[in-house]
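This report concerns only the one structure given below.
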Amino acid sequence: MPIPMLVGNWKMHTTVPEAVALAHAIRSRLDDPDDVLTVLCPPFVALWAVAEALKGSTIALGAQNMHYEEKGAFTGEVSPAMLQGLCQFVILGHSERRHLFGETDDLINRKVKSALRWGLRPILCVGETLAEREAGRAVEVVRQQVERGLEGVGDCHGVVIAYEPVWAIGTGLPATPETAQEMMVEGVLRALMGLYGEHDALEVPLLYGGSVTPENLEGFLHQPAIHGALVGGASLRADAFCQMVRILERVRG
Ligand code: PGA
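Residue numbering for the sequence shown follows the numbering used here, starting at 9 and increasing by one per position.
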């Protein structure tokens with residue numbers, strides 16, 4: 009059974025001083041959690057400062073995106089070599105990257121493979137749009153995103169998958185826990201089992217994301233295929249974020 013996990017995706021929020029203050033506020037309230045793998049994903053420019061703020065703590069750090077090349081003429085991009093040693097995780101294929109910045113499964117697949125090569129744990133995000141759900145294609149879309157995102161990845165050790173239906177992100181309208189469980193099993197797990205077999209597939213941490221709050225988190229955690237959450241908006245409030253870590257400790261720890 010994977011360790012319970014809570015990931016805060018700060019997106020394009022917080023200046024560097026604000027990010028440091030938020031990291032300190034979270035750290036001081038949490039007292040080094042060890043039953044829940046807690047990951048903060050600030051903007052790139054704040055990674056170094058937040059890493060300093062978290063030194064000696066069990067709270068881990070993640071980036072929100074990454075280029076797949078080590079270095080080169082890619083203006084504005086950040087490479088795995090730059091992230092290595094600075095953070096342990098990297099969110100890849102977030103729906104905002106897919107839909108606002110045109111990232112394809114092929115590009116995301118290159119990033120996933122590169123992250124693993126560089127010792128970074130990819131948090132691969134998948135999820136269907138409302139139109140795909142209404143067309144009855146939700147399971148198929150998610151299964152394909154997992155399969156394509158992991159194509160050529162021989163070993164799923166280190167990989168984390170976040171199921172985030174696009175219609176639930178930032179809308180205040182989360183999926184029901186039952187829908188999330190069904191998508192996790194029929195979409196994500198089936199794809200993982202096909203690729204890696206049941207034993208290894210069941211070791212991959214599966215997170216639900218999309219309008220998660222301290223009020224609705226527990227419902228998701230009662231679903232057996234959900235090991236934690238990827239949280240956007242509510243992760244920007246230290247109180248709410250720490251409350252969610254405690255809920256995870258209580259329900260899944
Ligand atoms: P949200 O975002 O919690 O604000 O819906 C989740 C995410 O995009 O990872």
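Quick reminder that beta carbons are idealized off the backbone N, C-alpha and C, glycines included.
Host beta strand (DSSP E) of residue i (start-end)
i	result
Thr46	45 to 49
Val58	Counting along the chain, Val58 falls outside any beta strand (DSSP E), though it belongs to the alpha helix (DSSP H) covering 55 to 61.
Val168	168 to 171
Arg129	129 to 134
Leu214	214 to 217
Residue burial classification, residue i (beta-carbon count within 10 angstroms, cutoff 16)
i	result
Lys63	exposed
Glu206	exposed
Ser36	exposed
Pro25	exposed
Pro88	buried
Phe97	buried
Pro232	exposed
Thr184	exposed
Leu14	buried
His75	buried
Met192	buried
Arg4	As displayed, the chain neither begins before 9 nor continues past 261, which places residue 4 out of reach and without an answer.
Ala81	exposed
Glu136	buried
Secondary structure of residue i, DSSP reduced to three states
i	result
Asn17	strand
Gln72	coil
Gly157	helix
Phe82	coil
Gly93	coil
Ile67	coil
Ala237	strand
Val174	helix
Ile323	An answer regarding residue 323 cannot be provided, because it is not within the stretch 9 to 261 covered by the chain.
Leu210	coil
Leu200	helix
Val98	strand
Option in the options with minimal Cα separation from residue i
i	options	result
Val158	Leu197, Thr184, Thr22, Ala139	Looking at the sequence provided, one finds Leu at residue 158 rather than Val. Here the closest residue by C-alpha is Leu197.
Asp43	His75, Met9, Val154	Met9
Ile34	Asp114, Asp247, Ile255, Arg254	Asp247
His102	Val28, Gly218, Leu30	Gly218
Leu91	Glu78, Asp114, Val154	Glu78
Gly70	Phe82, Gly84, Gly93	Gly93
Asp208	Thr83, Gly16, Leu128, Gly166	Gly166
Val28	Leu55, Val253, Gly16, Met191	Leu55
Glu257	Asn17, Leu30, Gln152, Thr46	Thr46
Arg145	Arg129, Glu194, Leu181, Cys164	Glu194
For residue i, the first and last residue of its enclosing alpha helix (DSSP H)
i	result
Phe228	225 to 229
Ile255	246 to 260
Val193	From DSSP, Val193 is part of no alpha helix (DSSP H); its letter is neither H nor E.
Ser120	Checking the displayed sequence, the identity of residue 120 turns out to be Val instead of Ser. Element bounds for Val120: 113 to 125.
Arg141	138 to 142
His107	103 to 108
C-alpha distance - residue i paired with residue j, whole-angstrom precision
i	j	result
Ala199	Val168	14 Å
Pro50	Leu244	10 Å
Thr23	Cys250	21 Å
His32	Glu142	43 Å
Ala68	Val147	31 Å
Ser122	Glu60	25 Å
Leu229	Gly236	7 Å
Phe52	Gln72	8 Å
Leu30	Trp18	10 Å
Any non-hydrogen atom of the ligand GTP closer than 7 Å to residue i Cβ
i	result
His107	The ligand GTP is not part of this structure, which contains only the ligand PGA.
Chain B within 8 Å of residue i, Cβ atoms only
i	result
Met74	Chain labels in this structure do not include chain B; a single protein chain is all it has.
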